[in-house]
Amino acid sequence: MKRNVDIGLEGVRGAIIHHAFNGHPLKTFLVTFETKRKVLSTQDGFKEVKFVGNNHAPQELWGYVHKHFDEYRLRLCHDLGITLEDTAMLFTGADVDNICIVCDGYRDVRFCACITAGVRTNAQRIGVDKASSVEIDEGKFENIDTVNVILLTNAHLSGGAMARSLITITEAKTIAFQDLDIRSSYNPALQATGTGTDSIIVVGGLGPKITFVGGHTLAGETMARIVTHGVKEAILKSEPS
Numbered sequence: 373m374k375r376n377v378d379i380g381l382e383g384v385r386g387a388i389i390h391h392a393f394n395g396h397p398l399k400t401f402l403v404t405f406e407t408k409r410k411v412l413s414t415q416d417g418f419k420e421v422k423f424v425g426n427n428h429a430p431q432e433l434w435g436y437v438h439k440h441f442d443e444y445r446l447r448l449c450h451d452l453g454i455t456l457e458d459t460a461m462l463f464t465g466a467d468v469d470n471i472c473i474v475c476d477g478y479r480d481v482r483f484c485a486c487i488t489a490g491v492r493t494n495a496q497r498i499g500v501d502k503a504s505s506v507e508i509d510e511g512k513f514e515n516i517d518t519v520n521v522i523l524l525t526n527a528h529l530s531g532g533a534m535a536r537s538l539i540t541i542t543e544a545k546t547i548a549f550q551d552l553d554i555r556s557s558y559n560p561a562l563q564a565t566g567t568g569t570d571s572i573i574v575v576g577g578l579g580p581k582i583t584f585v586g587g588h589t590l591a592g593e594t595m596a597r598i599v600t601h602g603v604k605e606a607i608l609k610s611e612p613s
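Under the numbering used here, think of the first position of the sequence shown as 373, with each following residue one higher.
Structure below.
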């Protein structure tokens, strides 16, 4: 089953695809570009791709995915009819049917944030909560949540602007955690700053060139505003009170 999703950017198509892996249901949010785009991913680094996505696997598959991650990625892309070389993909335990898409812009510049979130099991205050491996004994894994952000723009972002976007997005995500008073899963006395597995993909466009996206710029302000809004909405959709 495939459900089209409006991204709000020219030359960009979005869809949520329901499919299966080894008899288990999968859901993938997949964005397709008419021409290759330069991306910066916390999973793959800098890359030129025709597809970006966010894949949800059920808990029954988590152990397999962690033990056979490269094989899983290859088979996932094959099932979607795309190639790993042309794709940047994020992975989540959050339901991608709850994805929140928030867009805004100024003049001829548009930004769109596509966000999934789960914070119930591994929200943390980074550097204060003690680190621990996700992996536990005998190939089993802890129940993990995450905040995944795919940030797209029609603007041509310099390499420096793409790197700075990671800071702007992370700061904006932390504001959402503060505003919602998300607490550490390990020490509820602490305000959480994120989860231990948060990931980002920044997708540049072909339009006006932007070289800086800090908070003193309209680009940075717009990017941060839609990310904060989207993270809040995604958390509230996935963690009903």
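Positions of the beta carbon are idealized from the N, C-alpha and C atoms, including for glycine.
May I have the straight-line CA-CA distance separating residue 554 from residue 495, to the nearest angstrom?
Rounded to the nearest angstrom, the two C-alpha atoms are 8 Å apart.
task = Just list the beta strand (DSSP E) runs in the region 404-487, keeping only unbroken ones of 3 residues or longer that don't cross its boundaries, in chain order.
result = If we require 3 residues or more, the beta strand (DSSP E) runs fully inside the region 404-487 come out as 417-428, 459-464 and 472-478.
With DSSP run on the structure shown, which of helix, strand or coil describes residue 579? If DSSP states are grouped into helix, strand and coil, residue 579 belongs with coil.
So for residue 493, helix, strand or coil by DSSP? Reduced to three states, the DSSP call for residue 493 is coil.
_My output table needs one value for residue 574: the three-state DSSP class, helix, strand or coil._
DSSP places residue 574 within a strand segment (E or B) once states are collapsed to three.
Compute the distance between the beta-carbons of residue 524 and residue 575, then report whether it is under 8 Å. Against a cut-off of 8 Å, the Cβ pair of residue 575 and residue 524 comes out as a contact.
Check your understanding: Taking Cβ positions, are residue 572 and residue 414 nearer each other than 8 Å?
Key -> Yes, Cβ-Cβ distance for residue 572 and residue 414 is below 8 Å.
Checklist entry - With burial defined as no fewer than 16 other Cβ atoms inside 10 Å of the residue's Cβ, what is the status of residue 423: buried or exposed? => result The residue is buried, with at least 16 neighbouring Cβ atoms inside 10 Å.
- [ ] Evaluate residue 421 with the Cβ neighbour count: other Cβ atoms within 10 Å of its Cβ, from every protein chain shown; 16 or more gives buried, anything less gives exposed.
- [x] It is buried - the Cβ of residue 421 has at least 16 other Cβ atoms within 10 Å.
query: Between the C-alpha atoms of residue 566 and residue 430, what's the straight-line distance to the nearest angstrom?
result: So the two alpha carbons sit approximately 22 Å from each other.
Could you please give me the residues that DSSP links to residue 549 through a beta bridge? Its beta-bridge partners do not exist; DSSP assigns none.
Query - Sequence-distant residues of the same chain with beta carbon closer than 6 Å to residue 463, five excluded per side - result: Cβ neighbours of residue 463 beyond the five flanking positions: 427.
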